[in-house]
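Comments concern the structure below.
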Amino acid sequence: MYGTGLAKGLLLTLRHFVDSYVDDIRYGFRKYHHSTDNFAIRQGTKTKGVITVQYPDEKVAVPERFRFVPFLIVEDEDHPTRSGKDWCTSCGICAKVCPPQCIWIVRGNDPNTGRPVPEPEAFFIDIDICMNCGFCAEYCPFDAIKMDHDYELASYDRTTHHIHDKERLSKPNSYWRSIAPTRAYEEMLVRGTWEHIDVAKEARRGAARSRPAAPPPAPQAEDAATAVASEVASPAEASAAPAPTAEGATPWTEDDAKREERRRKALERKARRAAKRGQ
Amino acid sequence: MDQPGLAPEKQLDATTVEEAIAYLRNEYADAVTLDDREGYGGVIIESKRLVEVARAIRDGLGFDYLSSATAVDYLGAGDHLEMVYHAYRTSGGGALVFKAQTDRERAEIPSLVSVWRGADFQEREAWDLMGIRFMGHPNLKRILMWEGFHGHPLRKDWREAYYEEDQKPFDNRWPGGQVYRVEERNVFGKNVTYPPDIDLGRLMDNSETAVYQSLGLGVDVERIMDKDGFETNELVVNMGPHHPSTHGVFRMVLTVDGETVTSLEPVMGYLHRNHEKIGERNTYLHNIPFTDRLDYISSMGNNHGYVLAVEQLMSLGRKYNPPTYRCEALRVMMVELSRIVNHLWAIGFWLNDIGAFFTPVLYFVQERERILDFFEAVAGSRMMCNYMRFGGLFGDLPERLKSVSNLTNDRVRDYNTMQFLTEMINERIPRTIDELERLLTQNEILIERSVGVGVLTREDAINYSAAGPLLRGSGVAYDIRRADPYSIYPELDFDVAVEDEGDMYARYRVRVSELRESVRILKQILPRLEATAGESIWADGKPGAYAPRVPHGEAYGRVENGKGELGYYVVSAGGRGGSANPWRYHVRAPSFINLTPMGIMSRGYKVADIVGILGSIDIVLGETDR
């Protein structure tokens, strides 16, 4: 009969309309409530009906691999030996793999000797040109440049705000670990340490030097090596991580004990939070 | 001649490509020579006899489908321009590649439009960007640039306004990099060249007249003004470039008699950015994210075609590992998901064009959002996926599709990846396709609007080099995944969707069937992913180098993308160590070539149908204009 196809289609539209309210009832009208527990469900594969996200009152948190405008990793403020130091060694690979060529690096030189030092003197990214491809982060051999998750970068003036210099680009290592914990962990497995790869190398070298001569080893190498040991030995990743250099490890100093205490507390907090989420 | 001779009892149009080449060399011994450059294939035809030989290739040898026709500038390597043609049989099989060479100064090659109408736009593009004059072309004018543009931008000695260096990476980025904006150092106007005889003060733009003249009308305004009453008049109507139905900045110049279209000419190039020149300046790796920006609805497919082409070239060298099985399975999964995205989008917006305003589209976009969420969690971006690498991928599937709260008001999601995929593929997507069919296939208004409208006959579809659903909607069962298979498609079980009518409704049905076939493929991919879990996506276990050296040669990588055949013609001019930048990088864009038959498809229909016909071709301007 002429018109049945039309009627069927209209019924389907009606069902979609009703479904969105059925969803409301199913979640006890908590659909727009500011708690996050039902968000994953109504955005997931089981949901029917209307699924609008009320931006900016609520936002979809971006997944870990999300990439938007790179940033540079610097060591955390409370790092014992390398506080505030760049992870970047100014090797220049990011500038070479950048498809639109939006990265400018000035290599640092030692003012006394004139020889290059493994730290960039200046680092610029023109974010108007950046195409967010993520190659710089992917091919960086030092895990020093990462793609950010902060996509709200609108500004009133492109000429002053859109060329990010080193200061603007730098973010602490802990920030990277907080936005992408899984990836930071995977990178740690590849490097073999939570520290910068140079620290590990230095520690290995220090350990190799100290082996025949017996303790005490050079203070800096000792510190770094113990840092490696204590970091990697945390319960979660102990099995997968390569064993640190045992030779470099020394009995706990007071400083180390304090650090270990802080670490244990942090892990406890984390476990409590996890338990809460699980309930 | 050491080539295998042709067995006399064998049908000419059932020969292998090698036999076909041997036949051509026998038959046209003075005009056809083998292309024996290192890494090259096919034959070089003397340009004077090109049309004659091409006719033999089409009629005698049965290579009835001209897939790609493009030009290469060999400046400094023979100093000639070369047209490269890839012809296929619609019954399947590999390409017969033939070339014609010409001088750079007086570049002239006979046009093949009389043999394959599909060469029309591609030859115009070669004239526009390379400056080859095609003798006998019915309408040889610029297609992407405007009439009056100075120079031919794809020539190796042409430099653009903000020219910096011939090849990336640029020298000043490291170690002594100093940041600047190109426009500060290089003020526009000082860096543009004009023909020597031009007076800027008296500059006239006659590109419009050229468009109208080519329609063969010469509108007589007086005649139209003089008439009275209800008699219909011929009238020129511009649709676009800013018109919501053209899906971007695209323009159609129509002549209408009353409300009936008598002729139509597409005008494009508003989004032209010389993608191919950028691609020749880039290193091989740099090009991958640029391909995302071609057909931005299905960027996974764009990646796939390009990596296939470069992998073909790399396999000529010694150090090359083909991708692992898991990598291939992941690639196919991503490509099929983006085909679903593409077809949902295409059907949805085609419905918008013919009047089902936004209700169906929003139902489809819900599913598309789910798939894009998945892309975002795996590849890092929703649309500009940049997922594939030479011999591998950006990364394996993450164990969980999860997010971390970062901005204020962030809402967090966390799903198991395989569970999410299984639910999507087995439940949600099939349910949506069922809904789509229930909503539309029997809808009387849709049938009235689309049956018998925008007809493209089988012969025209082949001759005009139509591809994808446009070709298969006209009764040609030609799907590259079956006709010239790549990746792991040979072992997957699926059917080629085909409909005979050649109208808008047939194309709609082809798309719906292809949605179902894609789901069928995805269901076969899931167990393959589970079986290969834990296997590396890289053959040697570690990611590929960032600057691969690609050996000397040419390659044509083609995939069946959502919109049709997407091909990449890549030439590497590397020396012994290989090259870091492609010498030539050409994109055979389905959105561009599928517009060639737009004129004949719309003749005789009403103005309101034109919008629907364009929607049923399914173009994306990022790819059309490149």
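Going down the list, the protein sequences come from chains E and R.
Throughout the first sequence, residue numbering follows our numbering, covering 102 to 380 in sequence.
Throughout the second sequence, residue numbering follows our numbering, covering 4 to 629 in sequence.
C-beta atoms are modelled at their ideal positions from N, C-alpha and C, and glycine is treated no differently.
| Item | Value |
| --- | --- |
| Element boundaries [beta strand (DSSP E), containing E/GLU178] | First-last for E/GLU178: undefined, no H or E at that position. |
| 8 Å Cβ cutoff, R/LYS171 in contact with chain E | yes |
| R/LEU288 versus R/MET303 - alpha carbon distance | 15 Å |
| Proximity to R/PHE595 [Cα-Cα], best of R/VAL270, R/ASN290, R/TYR68 | R/VAL270 |
| Contact residues within the segment 361 to 372 of chain R, judged by C-beta distance below 8 Å to chain E | THR362, TYR366, GLN369, GLU372 |
| Host alpha helix (DSSP H) of R/ASP543 (start-end) | Unbroken run through R/ASP543: none, as it is neither H nor E. |
| Residue span of the beta strand (DSSP E) that contains E/LYS272, given as start and end | 271 to 273 |
| Rounded separation between E/GLU369 and E/ASN274 - CA only | 21 Å |
| Strand pairing of E/HIS265, partner residues [DSSP] | E/ILE226 |
| Assigned secondary structure, R/GLY358 (DSSP; H/G/I helix, E/B strand, else coil) | coil |
| 7 Å Cβ cut-off: residues of chain R touching E/ARG292 | The contacting residues do not exist; E/ARG292 stays about 14 Å from chain R at best. |
| CB contact flag (R/GLU504, E/THR146, <8 Å) | no |
| Interface residues of the segment 138 to 168 of chain E facing chain R [CB-CB below 8 Å] | PHE140, ALA141, GLN144, GLY145, THR146, LYS147, ILE152, VAL154, PRO157, ASP158, GLU159, LYS160, VAL161, ALA162, VAL163, PRO164, GLU165, ARG166, PHE167, ARG168 |
| Separation of R/VAL553 from E/TYR276, as counted between CA atoms | 39 Å |
| Cross-strand partners of R/LEU569 (DSSP beta bridge) | R/VAL562 |
| Cβ shell of R/GLU626 (< 6 Å), same chain only, five flanking positions each side left out | LEU297, ASP298, ALA592, SER594 |
| Within chain E, partners of R/LYS609 - CB distance below 8 Å | By Cβ distance, chain E contributes nothing, its closest Cβ being about 22 Å from R/LYS609, past 8 Å. |
| Beta-carbon separation (whole angstroms), R/SER406 vs E/PRO164, contact threshold 8 Å | 5 Å |
| DSSP three-state assignment for E/TRP205, whether helix, strand or coil | strand |
| Chain C contacts made by the segment 193 to 214 of chain E, where a contact means CB separation under 7 Å | Of the chains in the structure shown, none is chain C; the protein chains are E and R. |
| Paired residues, beta bridge with R/MET255 - DSSP | R/MET242, R/PRO269 |
| Span of the beta strand (DSSP E) around E/HIS117 | E/HIS117 -> not in any beta strand (DSSP E); alpha helix (DSSP H) instead, spanning 105 to 127. |
| Nearest residue (CA-CA) to R/LEU257, options R/VAL54, R/LYS609, R/SER490 | R/LYS609 |
| Nearest residue (CA-CA) to R/ASP169, options R/LEU529, R/GLY282, R/SER408 | R/GLY282 |
| Amino acids of chain R, ordered along the chain, whose beta-carbon sits closer than 7 Å to that of E/TYR103 | GLU447 |
| Whether R/LEU624 touches R/LEU147 by CB criterion (8 Å) | no |
| Coarse secondary structure for R/ALA548, derived from DSSP in three states | coil |
| Distance, R/SER341 Cα to E/SER331 Cα | Confidence at E/SER331 is low in this model, with a pLDDT of 43, below 50, so its placement is unreliable and no value can be given for it. |
| Residue range of the beta strand (DSSP E) that includes R/HIS278 | Segment 278 to 284 is the alpha helix (DSSP H) holding R/HIS278; no beta strand (DSSP E) there. |
| R/LEU396, DSSP secondary structure in three states | strand |
| Cβ-based neighbour list, R/ALA57, same chain, cut-off 6 Å, excluding 5 preceding and 5 following | LEU115, VAL118 |
| Spatial distance of R/PHE152 from R/LEU78 (CA atoms) | 22 Å |
| Beta-carbon proximity list for R/ARG254, same chain, < 7 Å, skipping 5 on both sides | ASN241, MET242, GLY243, PRO244, VAL270 |
| Residue nearest to R/ARG334 in terms of C-alpha spacing, selected from R/VAL310, R/ARG523, R/LEU473 | R/VAL310 |
| Cβ-Cβ separation, E/ASP187 to E/PRO221 (assumed contact under 8 Å), whole Å | 7 Å |
| Beta-carbon neighbours of E/CYS234, restricted to chain R and to distances below 7 Å | PRO292, ASN389 |
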